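Trainee: All residue numbers for the sequence shown refer to full-length UniProt numbering, where the first residue is 1 and numbers rise by one. Note that CB positions come from ideal geometry on N, CA and C, so glycine has one too. Since this is a predicted model, take the numbers as computed values, not measurements. Here it is: the structure, laid out below.
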Amino acid sequence: MKFLPDVQGLQQTVPVSWHGGLRAERACWQGTPVFVKTLDTTYPDLRLRFEHEGAVAAMVTHPQVVPLLARTPAQLIFPWIEGETLRELVERGPVAPDAALRITAGVLRGVTALHDRGITHQDLKPENVLLAGASPTAAAVRLIDFGMSHARDLPNDIHGGTRMGTPHFMAPEQFLGVRGEPRSDLYSVGVLLFDCLAGQPPYEDALAWLAGLPQRRLPLPGPAALHSLLNHAMARDPEARPSSAREMLAELTQVAARLGVSLDPETSPAP
Ligand SMILES: Nc1ncnc2c1ncn2[C@@H]1O[C@H](COP(=O)(O)OP(=O)(O)O)[C@@H](O)[C@H]1O
Ligand SMILES: [Mg+2]
């Protein structure tokens, strides 16, 4: 990763999105397609958050986490991942259990690498999981977007509860302002797996409990062998969840074995 004063030579820039003072574009840089996030505001709070996002992205190197190629005070450059987001896959309908297990295994491998480095992502949701080559496999997973993350080793936690994640995928304690709790990410991964299998998240109104209203969860989707894993990860009390991403991955690996699903098939199954 290069820390540069300025990025020169971005070509063929195509807008992807603009919100919250951040511009996202696809471009060509040094001969390769890249995804560029540019800070487009002078608002100091957003500048601090952007620096934080860049610092976190620079801390991790893992095949299931998008690498940061270069960074300036106002730009983050990542390789362009050709494929789709997990959101796009789920929009087409429920994901088959073998593919859902493989994708979740890829997510947990990336999350394990983050947690080992003292980082909690805090905004794991289908929009922030890319599938390279649109392949529903563990190896295709690329975790993105450290805009909400918490890092043990960075001096300031600049969020202070000012920006919220997506309610459906947020752990209950996150609504209460708890940050830096690795098991919050495990709750989100549990909801992610549920969302893949059901084609929708578990609660229609993810905020009902905050208002003291009863919250009705949709029936657990997928094979019964998966249900204890879903219940374990989505426990409201963090203490009742798997104790680490590694432990949750071990549990998922056992369930996959019981279901006869290979998490890393050597060759793709014949069409
Ligand atoms: N490296 C990448 N390659 C291709 N598309 C990407 C890449 N990173 C992000 N995207 C796309 O851009 C969207 C927004 O990026 P993200 O980093 O999540 O920013 P935001 O803070 O706006 O959520 C993602 O949901 C995804 O669709
Ligand atoms: Mg995002």
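Suppose contacts are defined by Cβ-Cβ distances below 9 Å. Is A225 in contact with V255 by that definition?
Mentor: yes
Trainee: Straight-line CA distance for P44 to A171?
Mentor: 29 Å
Trainee: Report whether the distance from the Cβ of I144 to the nearest heavy atom of ligand 2 is below 8 Å.
Mentor: yes
Trainee: Output the boundary residues of the beta strand (DSSP E) element that contains S17.
Mentor: Looking at the DSSP string, the run of the beta strand (DSSP E) that includes S17 is 11-19.
Trainee: Using CA atoms only, rank isn't needed, just tell me which of P238, D116, T104 is closest to R142.
Mentor: T104
Trainee: Is L130 near I81, with beta carbons less than 9 Å apart?
Mentor: yes
Trainee: Using a Cβ-Cβ cut-off of 7 Å (strictly less than) and excluding sequence neighbours within five positions of L89, which residues of its own chain qualify?
Mentor: So the list reads V95, L131, P136, once near-sequence residues are dropped.
Trainee: Grab the span of the alpha helix (DSSP H) containing P97 for me, first residue to last.
Mentor: 97-116
Trainee: Output yes or no for whether 9 Å exceeds the beta carbon distance between F146 and A57.
Mentor: yes
Trainee: Count the other CB atoms, across all protein chains shown, that sit within 10 Å of the CB of G161; report buried if there are 16 or more and exposed otherwise.
Mentor: Confidence in G161 is poor, its pLDDT being 49 and thus under 50, which makes the residue's placement unreliable; the coordinate value appears in the next sentence. Its Cβ having fewer than 16 others within 10 Å, G161 is exposed.
Trainee: Where does the unbroken beta strand (DSSP E) through F78 begin, and where does it stop?
Mentor: Residues 75-79.
Trainee: Does the contact criterion of 3 or more C-beta pairs under 8 Å hold for the region 251-266 versus the region 97-111?
Mentor: yes
Trainee: Along the chain, where does the beta strand (DSSP E) containing P33 start, and where does it finish?
Mentor: 32-39
Trainee: What did DSSP end up calling V189 once you bin it into helix, strand or coil?
Mentor: helix
Trainee: Output yes or no for whether 9 Å exceeds the beta carbon distance between A151 and M248.
Mentor: no
Trainee: Using a Cβ-based criterion (distance less than 8 Å to any ligand heavy atom), does H19 qualify as near ligand 1?
Mentor: yes
Trainee: Could you check whether the region 32-40 touches the region 64-83, counting it as contact only if at least three pairs of C-beta atoms, one from each stretch, sit closer than 8 Å?
Mentor: yes
Trainee: Since G106 and A140 are thought to touch, with beta carbons under 8 Å apart, how far apart are those beta carbons, to the nearest angstrom?
Mentor: 7 Å
Trainee: Closest to Q174 by C-alpha separation, out of H19, M148, P223, would be which residue?
Mentor: M148
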